[in-house]
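Protein chains in written order, with the numbering used here: chain U, 14 to 251; chain X, 36 to 231.
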């Protein structure tokens, strides 16, 4: 256990970590069982500090909340990941790096089931097919990018296909946080959807014309209109 | 059954299996369970948010966002990873902190206060003997901390400050603040008898 990072558990339980360290610590947390147990106890403790300052809100709040939830769709339960072993990925003949990239990306895509992608949960086959088709595009750009907090992401983008695919292992986040994908073109930053952490994730999203970067941030659950934190990953897509 | 605010304050000690079950039912779309969960938790949720954001109208907005988020994302609650109370309070604290950190630049803040500040229909049911007793116990535990531990924990939790901000305000090194926050919480945990 890394003692230095481990001392952040208190600040983390109090939501007092600056964003730079938040991603790093959550990455560490997903690999450190002792730390998760400690954080759990400290969170319970912090919650009691909150309960100690209880104060009743106006009655009208309840009617507003009850009226609003009647119109808000709930997130479906998390889908269990299926074992990837049965999946046979037919690899096309490729040369050098391309073949390697394709193999790596397809293997990742094969286990990318738990993604809450932009609009739908894609089937495994569709995901692999899409990946292959994207890689086959004459203008496909493949980049391997470091993730803040460790690990790497593969980003495949094709201007002609107007698609960008992102795959990486994303550490589990606290339920009140989510990963959010962004396409960036000049000054314009557009949300490309939300992805939950907790395993290898793959998402294929539209690449609006003029996009030059693709990024991922950690945002409050439900996502943000514009990024509110430093990206955990940023890749050039041209 | 109307919206009578039948607020039951949370117990500071012990985990409530009933709350965990309620939240699990909420994940399945049970609005009655949500209403009961609301009644049980709203005073804690609102009190915490109010302590962090201060402004009452903004606190109401954030509390509403929090409860709707609880409804929307209840499926993510995993009883094996903590109590329902801790889960909900974490969402509440995160949202409150996000609000104060982003609202520092917001210029429409005063406008909003002026627009919504007139509402005065408060409910005092929650101010029961129980709340005062539980609050008393937490305060006793806080008194058991060193001055620096207590300041570090309360400035972060009730003030919404990040640990580097706390270090700056208290003029102590970053590393010291980090360890005081952890030591302070560990001592509180043991004092309150929180299950691990």
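The C-beta atom is built at its ideal place from N, Cα and C for all residues, glycine as well.
Since this is a predicted model, take the numbers as computed values, not measurements.
Return helix, strand or coil for residue i, following the three-state DSSP convention.
i             : result
residue 256/U : Nothing can be reported for residue 256/U, as the shown portion of chain U is limited to 14 through 251.
residue 242/U : coil
residue 173/U : coil
residue 20/U  : coil
residue 67/X  : helix
residue 203/X : helix
residue 192/U : strand
residue 87/X  : helix
residue 54/X  : helix
residue 207/U : strand
residue 143/X : At residue 143/X the pLDDT is 41, less than 50, meaning the model places this residue with poor confidence and gives no usable figure here.
For the candidate residues the options, whose alpha-carbon lies nearest to that of residue i?
i             : options                    : result
residue 179/X : 201/X, 50/X, 199/X, 218/X  : 218/X
residue 181/U : 31/U, 175/U, 173/U, 168/U  : 168/U
residue 185/U : 24/U, 240/U, 66/U, 231/U   : 231/U
residue 188/X : 99/X, 221/X, 125/X         : 221/X
residue 184/X : 124/X, 127/X, 223/X, 229/X : 223/X
residue 31/U  : 208/X, 198/X, 216/X        : 198/X
residue 42/U  : 190/U, 17/U, 22/U          : 22/U
residue 174/U : 187/U, 224/U, 46/U         : 224/U
residue 160/U : 81/U, 89/U, 227/U, 82/U    : 227/U
residue 76/X  : 186/X, 121/X, 87/X         : 121/X
residue 222/U : 172/U, 190/U, 208/U        : 172/U
residue 192/U : 145/U, 151/U, 241/U        : 241/U
residue 67/U  : 81/X, 96/X, 91/X, 92/X     : 81/X
Should residue i go down as buried or exposed, given a rule of 16 or more other Cβ atoms within 10 Å for buried?
i             : result
residue 27/U  : buried
residue 213/X : buried
residue 54/U  : buried
residue 176/U : buried
residue 84/X  : buried
residue 245/U : buried
residue 115/U : With a pLDDT of 37 at residue 115/U, under the threshold of 50, the predicted position of this residue should be treated as unreliable, though the coordinate-derived value follows. Residue 115/U is buried by the Cβ-count criterion.
residue 94/X  : buried
residue 75/U  : buried
residue 197/U : buried
residue 209/X : exposed
residue 113/X : exposed
residue 111/X : buried
residue 165/U : exposed
Per DSSP, residue i is paired with what?
i             : result
residue 179/U : 168/U, 216/U
residue 96/X  : In DSSP, residue 96/X forms no bridge with anything.
Would you say the beta carbon of residue i comes nearer than 7 Å to a heavy atom of the ligand COA?
i             : result
residue 227/X : In terms of ligand content, the structure shown is empty, and the ligand COA therefore cannot be addressed.
Are at least three pairs of beta-carbons, each pair with one atom in the region 117-133 of chain X and one in the region 55-67 of chain U, less than 8 Å apart?
Contact holds: three or more Cβ-Cβ distances are below 8 Å.
Does the pairing of the region 230-238 of chain U with the region 194-210 of chain U give three or more beta-carbon distances under 8 Å?
Between the region 230-238 of chain U and the region 194-210 of chain U, the count of C-beta pairs closer than 8 Å reaches three or more; the two stretches touch.
Are three or more beta carbon pairs between the region 68-86 of chain U and the region 201-212 of chain X nearer than 8 Å?
The way I'd put it, the region 68-86 of chain U doesn't touch the region 201-212 of chain X; fewer than three beta-carbon pairs between them come closer than 8 Å.
Taking one C-beta from the region 50-57 of chain X and one from the region 70-85 of chain X each time, how about it: are there three or more such pairs within less than 8 Å?
Touching, yes, given that three or more Cβ pairs across the two stretches are closer than 8 Å.
Would you check if there are 3 or more beta carbon pairs closer than 8 Å linking the region 98-113 of chain X to the region 124-132 of chain X?
A contact exists between the region 98-113 of chain X and the region 124-132 of chain X.
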